[in-house]
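If you read the sequences in order, they're chains A and B. When the first sequence is numbered by this note's numbering, its final residue is 340 and no position is left out of the sequence of numbers. When the second sequence is numbered by this note's numbering, its final residue is 485 and no position is left out of the sequence of numbers. Cβ coordinates follow ideal geometry from the N, Cα and C atoms, glycine included. Being a predicted model, the structure only gives us computed values, none of them experimental. Shown next, in structure tokens, is the structure this report addresses.
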Amino acid sequence: MLDVKDAAITPNSHGDDYVDPITADPREFAAKVNAWVPHDIVLKDAWFPLAHSFAVTKKPIRRAIYSQPYFLWREGDTAIAAEFHPSEGMTGTKSAYSDAVGRYPVIEKYGYAWCWFGNPANAAPEHIPSLPYLPEDGGLPMHMLGTVRFDCTAPLSLENLIDLTHADFLHADVVGDEKMDKETVEVFHDSETITMVRTCVNKSVAPIMKIFGGVKADVQQVRQVIRIYLRSHAAIAYGRFSPGDNVQLFHPCVPETRDRTRLDYAMNTSNVKKTNFFRYLMPKASYKVSRQDSFMTSPQSPRYMQPEKRKDLHSPLDEAGQKYRVLMLALAERQARGDFAYRDNVSADCSEIIGYDGK
Amino acid sequence: MAEAWWAVARSEEVTSAKPINVDIGDQPIVLWRDHQGVPHALEDRCPHRRAPLSLGCVLGNGMIQCGYHGWTYDGKTGHLKDIPNLKSDAKFPALYRAIPFGVAESGGFVRVCLDAKAPAPEPGAKALPLSGSANVALEHEHYIAALFDDPSLVLAIRGVRFTPYLLAELAEQNGKLVLERSCQWAGLHWPSPFSSDFPITLRISTDPVTGECDLLLRDDGFNPLLTATLAPVPAARGVTQVRWRARLEDNRPGVRAKLMGAGAPFTVHSSVDGAALRVLKPSASIHAATLRNEIAARTAQTSAA
Chain A
-18 MLDVKDAAIT PNSHGDDYVD PITADPREFA AKVNAWVPHD IVLKDAWFPL AHSFAVTKKP
42 IRRAIYSQPY FLWREGDTAI AAEFHPSEGM TGTKSAYSDA VGRYPVIEKY GYAWCWFGNP
102 ANAAPEHIPS LPYLPEDGGL PMHMLGTVRF DCTAPLSLEN LIDLTHADFL HADVVGDEKM
162 DKETVEVFHD SETITMVRTC VNKSVAPIMK IFGGVKADVQ QVRQVIRIYL RSHAAIAYGR
222 FSPGDNVQLF HPCVPETRDR TRLDYAMNTS NVKKTNFFRY LMPKASYKVS RQDSFMTSPQ
282 SPRYMQPEKR KDLHSPLDEA GQKYRVLMLA LAERQARGDF AYRDNVSADC SEIIGYDGK
Chain B
181 MAEAWWAVAR SEEVTSAKPI NVDIGDQPIV LWRDHQGVPH ALEDRCPHRR APLSLGCVLG
241 NGMIQCGYHG WTYDGKTGHL KDIPNLKSDA KFPALYRAIP FGVAESGGFV RVCLDAKAPA
301 PEPGAKALPL SGSANVALEH EHYIAALFDD PSLVLAIRGV RFTPYLLAEL AEQNGKLVLE
361 RSCQWAGLHW PSPFSSDFPI TLRISTDPVT GECDLLLRDD GFNPLLTATL APVPAARGVT
421 QVRWRARLED NRPGVRAKLM GAGAPFTVHS SVDGAALRVL KPSASIHAAT LRNEIAARTA
481 QTSAA
């Protein structure tokens, strides 16, 4: 049984000129959903977590956002991000994304070096997303951190993530199958975020919890939340399991190019007992799960590179993904008109929205 | 295609000892060098009885002589200069000539333009010492797309493994199509989908019309390790003729880079793995046609202005 609800989080919080892109007209909504060419969406004025803080050392490392080069290194304790390799100097034509000496705005928070992609004058700390279960000053142990890659465009990775019903089939061997008594999906959004809450009653226990997490029951109550910060292509994946331990994943999809996605993840399992193997194994599940996802999304990606007359088919389970598409398109349209302003505060604590109680 | 300069041969392939035959698309061309070392290109067809001139020989005066009846042509203009059995000093009408093509030589390649009046291209860099040729049964456009999407299908660099990950997708830079791919050293290593950083990159800068590419392999300190030029030319029956030149840098930091010198550092495959090619998903190449059209439109606009 499925129940799908939707609501804007703060329907009256915007200025008069703001029109919620999730329109009530189903035909207009469907038209937007089917005008989805994620390959063409390049959102600017956003912070991207380009590297785990531990990876930024004296030796420059190279990253990219939509092919734009970023070189990161540390001078003393300070992380530096620049358009040119320090040994190369400003040899080429400097872009508008860096300052007069070719450097980008960079902030270290939550254990990441966040770099600004867009007009440097608009970089502001309050545009860094709220990640309630990551310590602001970082410091998570290495076994909770890792890098995986998706051979597809970043929005496809995120659309895949926000549709958690795929996990029951593609990742059944890790997180459990589709067997349950009831499933409810709720979707919330504002102009900068979309949040999907999936509640499952008596769902078959995730094998990784049963085998390694000490869960002996056959079923568990599950509340999974995916919250996507649209511009930063970064997602919170928060799961509450009873019986079982909560799963606290930060899932940033950095678009290195329009067809390749880099994910420097952080899976905070410090809530799990140190004697429980699940604490150490769950973060490594990303290696298996990411390959399973990429196996499916990689062949899809070229099929979303050009506009198509043929429309995708949808089920009620795709509500969150459809709304994600429309919200992304709305941001892209706004930016095409020259409007890069943040209409909602992405750094406001979202603990209540995702149901995180600090435990 | 008419105004493009195609690198149809390596300099050392063109001699005054024996003419050679190459193609640009469906146009057969005979190439040879006169005794002053100047290369010449004519249609590979004697206007007398259509015999290939490449079956003839280069005379002491640098002209090419058909092997069928000895008709002899000037390499620069294509004009008929002699019919040995005629025993006459009469001049031949201007109509009596083979079609000449533009020829230019630089960087260790002989380039031909189907338009003999086309302005000569800018001279290229110094010739790279390593070189080779391959004939690949794959159409030119697909050959370049394969190079963009998975270089391992068409070439190999000793000790280097190409990853599916790009640091810069295909984009126009100064009239060229440029991309940069992350690479790993071959051998045991952390799988590329789970790797945070890669030790080397391959930059490919491609002429939008001919597909001639400059390849630059660099390490993560931006030190060049290998440079190469790859010149794929569309030939008859959908074959792509590839000429290449390469140079391994003398000063290559690191053990892996030094080991590149043990054996052939650069190879171009003579065949493409069809099974791998069939399932290769278009990625880097997918916008190549659009980029080419944009560059062509801009070039046409500039020429008109």
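Let me check you understand the geometry: is the CB of A/VAL155 closer than 7 Å to at least one non-hydrogen atom of the ligand NAP? Only the bare structure without any ligand can be found here, which leaves the ligand NAP out of the picture.
Note down, in chain order, each residue of its chain lying with its Cβ closer than 7 Å to the Cβ of B/GLU349, except the 5 sequence neighbours on either side. LEU359, ALA464
If you draw a straight line from the C-alpha of B/ASP224 to the C-alpha of B/ILE279, how long is it? 9 Å
Using DSSP bridges, identify the partner residues of B/VAL202. B/ILE209
Please confirm whether A/VAL168 and A/LYS304 have their CB atoms less than 8 Å apart. yes
Just reading off the beta strand (DSSP E) that B/MET440 is part of, what are its end residues? Per DSSP, B/MET440 belongs to no beta strand (DSSP E) and is neither H nor E.
Just by C-beta distance, which residues in the stretch 328 to 359 of chain B are closer than 7 Å to chain A? PRO344, TYR345, LEU346, LEU347, ALA348, GLU349, ALA351
At least one CB of chain A closer than 8 Å to the CB of B/PRO433: is that the case? no
Check the Cβ of B/ILE466 against every Cβ in chain A and list those closer than 7 Å, keeping chain order. PRO283, MET286
If distances are taken between C-alpha atoms only, which option among A/PHE193, A/VAL235, A/GLU300 comes closest to A/PHE258? A/PHE193
Among residues of its own chain, excluding the 5 on either side of B/ALA300, which ones have a beta-carbon nearer than 6 Å to its beta-carbon? ALA284
Are the CB atoms of A/SER213 and A/TRP28 nearer to each other than 8 Å? yes
Considering only residues of the same chain and omitting the five flanking positions on each side of A/THR4, which have a CB-CB separation below 7 Å? PHE10
Could you check how far apart the C-beta atoms of B/CYS293 and B/TRP212 are, in whole angstroms? I think they sit under 8 Å. B/CYS293 to B/TRP212, Cβ: 17 Å. No contact.
On a CA-only basis, which of A/GLY336, A/ASN252, A/TRP17, A/PHE98 is nearest A/ARG204? Give me that one, please. A/GLY336
Could you compute how far the alpha carbon of A/VAL(-15) sits from the alpha carbon of A/ALA187? Note that A/VAL(-15) has pLDDT 44, beneath the 50 cutoff, so the model's placement of it is unreliable and no number is given.
Secondary structure, alpha helix (DSSP H): runs of 4+ residues fully inside the stretch 240 to 275 of chain A: 259 to 262
Compute the distance between the beta-carbons of A/ILE109 and A/ILE88, then report whether it is under 8 Å. yes
At a Cβ threshold of 8 Å, is B/PRO388 touching chain A? no
Rounded C-alpha distance that separates B/TYR323 from A/PRO224: 56 Å
If I measure Cβ to Cβ from A/ALA322 and keep anything under 8 Å in the same chain, skipping five residues before and after, which residues do I get? none
Between the CA atoms of B/LEU310 and A/VAL270 - distance to the nearest angstrom: 45 Å
Residues near A/LEU24 by beta carbon distance below 6 Å, same chain, minus five either side: ARG212, LEU312
Per DSSP, what kind of secondary structure is B/THR479 in: helix, strand or coil? helix
Counting C-beta neighbours from all protein chains within 10 Å, is the total for B/HIS467 16 or more, i.e. buried, or is it exposed? buried
Quick one: give me the first and last residue of the beta strand (DSSP E) that A/ARG56 is part of. What sits at residue 56 of chain A in the sequence shown is Glu, not Arg. Unbroken beta strand (DSSP E) run through A/GLU56: 49 to 56.
So the beta strand (DSSP E) B/PRO412 belongs to, where does it begin and stop? 404 to 414
Of all the options A/HIS33, A/ILE334, A/THR72, A/ARG291, which has the alpha carbon lying nearest to the alpha carbon of A/GLY220? A/ILE334
Can you look up A/LYS39 in the DSSP assignment and give me helix, strand or coil? coil
Please decide whether B/ASP399 counts as near chain A, where near means a Cβ-Cβ distance under 8 Å. no
Is it the case that the Cβ atoms of B/ASN315 and B/SER450 are separated by a distance below 8 Å? yes
Short Cβ contact (8 Å threshold) for A/ALA215 with A/CYS234: yes
B/ARG230 beta carbon less than 8 Å from that of B/HIS259: no
Minimum Cβ-Cβ distance from A/ILE42 to chain B less than 8 Å: yes
Please check if any C-beta of chain B sits within less than 8 Å of the C-beta of A/ASP274. no
What does the alpha-carbon distance come out to for the pair A/ASN249 and A/ASP299? 28 Å
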